[in-house]
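Only one structure is covered here, and it is reproduced in the block below.
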Amino acid sequence: MDRAAIWTTIHDERRALARDLDIITDEDWNRESWAHGWTIADVVAHLVDSNRTSALGHVQRILAARGDTDRVNQVGVERERRFRHQDLLGAYRSTIPLKAGPLGDLRSRLVEEIAHGEDIRRALGIVRDYPLAATLPALQYLAHTRSARTGSAHRSAHTGSVRGGGKGLARGLRLVASDAGLSHGRGPEVRGSVLSLMVALSGRRVHETELSGPGRAALLARITPR
Numbered sequence: 017m018d019r020a021a022i023w024t025t026i027h028d029e030r031r032a033l034a035r036d037l038d039i040i041t042d043e044d045w046n047r048e049s050w051a052h053g054w055t056i057a058d059v060v061a062h063l064v065d066s067n068r069t070s071a072l073g074h075v076q077r078i079l080a081a082r083g084d085t086d087r088v089n090q091v092g093v094e095r096e097r098r099f100r101h102q103d104l105l106g107a108y109r110s111t112i113p114l115k116a117g118p119l120g121d122l123r124s125r126l127v128e129e130i131a132h133g134e135d136i137r138r139a140l141g142i143v144r145d146y147p148l149a150a151t152l153p154a155l156q157y158l159a160h161t162r163s164a165r166t167g168s169a170h171r172s173a174h175t176g177s178v179r180g181g182g183k184g185l186a187r188g189l190r191l192v193a194s195d196a197g198l199s200h201g202r203g204p205e206v207r208g209s210v211l212s213l214m215v216a217l218s219g220r221r222v223h224e225t226e227l228s229g230p231g232r233a234a235l236l237a238r239i240t241p242r
């Protein structure tokens, strides 16, 4: 995919999440998401902040926080919180067409939208039928990219965000996407949908039935416990 196509897909995912958020209740907004320590509203506030922050702004915030990305994320959540959930949803909608974000592979923005979208949807029991045009580039990015810190997908203790990619999580395993005819790597097989594999490589838990194969236990054991 070229950059224009990736941005179109990112914007489509933002619109899809806005539609899902439009029908949830105030009680839902206050529920704990699958991003540890954050409510649904916190995750949306994080996305508002992330979607609005330019590459330069991202660098400046990292430097100001002395490299503490957890702190950067938490400050961003506090900055973008709204007392009224509809105001927060409106703020998120306003970011849909934006093309801001940190420097680097643009597919990381797809990971951001889908992973945090799943943090919200899985907590609320919402199921999205993602197009492969969204999930496949995100999975390929994670499978081929090292974490910025450890060489494996590193999840923040507070947000579940990935610093870099999931190459370390996939090391020594053969990932097979059952809905895309795609395989990656060598070793004991881990089979699942593109979405399930992507969620796992982003360092997030998956439902027990989502993955199968002799390498499943090894992959799940590498994911930081919640």
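Just so we're aligned: the sequence shown equals residues 17 to 242 in the working numbering.
The beta carbon of each residue, even a glycine, is placed where N, CA and C say it ideally should be.
Within a Cβ cutoff of 7 Å, which residues of the same chain sit near residue i, ignoring the five residues on either side of it in sequence?
| i | result |
| --- | --- |
| Asp44 | Ile56 and Leu140 |
| Ser212 | Val222, Glu226 and Leu227 |
Using beta-carbon positions only, say whether residue i and residue j come within less than 8 Å of one another.
| i | j | result |
| --- | --- | --- |
| Ser209 | Ser194 | yes |
| Ser124 | Tyr157 | yes |
| Leu122 | Ala150 | no |
| Ala196 | Leu152 | yes |
| Ala216 | Leu189 | no |
| Ala32 | Arg144 | yes |
Within 10 angstroms of the Cβ of residue i, are there 16 or more other Cβ atoms? Answer buried if so, exposed if not.
| i | result |
| --- | --- |
| Ile26 | buried |
| Arg207 | buried |
| Asp103 | exposed |
| Ser172 | At Ser172 the pLDDT is 43, less than 50, meaning the model places this residue with poor confidence; the figure from the coordinates comes in the next sentence. Buried, by the Cβ-count rule. |
| Leu79 | exposed |
| Gln90 | buried |
| Ala22 | A small correction: the amino acid at residue 22 is Ile; Ala does not occupy that position in the sequence shown. Ile22 comes out buried. |
| Arg18 | For the record, residue 18 in the displayed sequence is Asp; it is not Arg. Its Cβ having fewer than 16 others within 10 Å, Asp18 is exposed. |
| Ala237 | exposed |
| Ala233 | exposed |
Within the same chain, show all residues whose beta-carbon is closer than 8 Å to that of residue i, passing over the 5 residues directly before and after it, in chain order.
| i | result |
| --- | --- |
| His101 | Asp42, Trp45 and Ala57 |
| Val93 | Trp54, Asp58, Ala61, His62 and Asp65 |
| Leu148 | Asp195, Ala196 and Val210 |
| Leu114 | Asn67 and Arg68 |
| Thr111 | Arg30, Leu63, Val64, Asn67 and Arg68 |
Relative to the C-alpha of residue i, which candidate in the options has its C-alpha closest?
| i | options | result |
| --- | --- | --- |
| Glu129 | Ala237, Leu236 and Thr24 | Thr24 |
| Arg220 | Ser49, Arg31, Leu37 and Gln76 | Ser49 |
| Pro230 | Arg31, Gly203 and Asp38 | Gly203 |
| Asp86 | Arg187, Arg232 and His52 | His52 |
| Arg162 | Ile40, Ala237, Ser218 and Glu224 | Ser218 |
| Ile40 | Arg232, Ala186 and Ile136 | Ile136 |
Leaving out five residues before and five after residue i in sequence, what residues of the same chain have Cβ atoms less than 6 Å from its Cβ?
| i | result |
| --- | --- |
| Val192 | Ser199, Glu205 and Arg207 |
| Phe99 | none |
| Leu105 | Leu37 |
| Arg97 | Ala61 |
| Ala131 | Ser218 |
If I'm right that residue i touches residue j with Cβ under 8 Å, what's the distance once you round it to whole angstroms?
| i | j | result |
| --- | --- | --- |
| Ala116 | Ser70 | 5 Å |
| Leu155 | Met214 | 4 Å |
| Ala34 | Arg109 | 5 Å |
| His160 | Gly184 | With a Cβ gap of about 12 Å, His160 and Gly184 do not count as contacting. |
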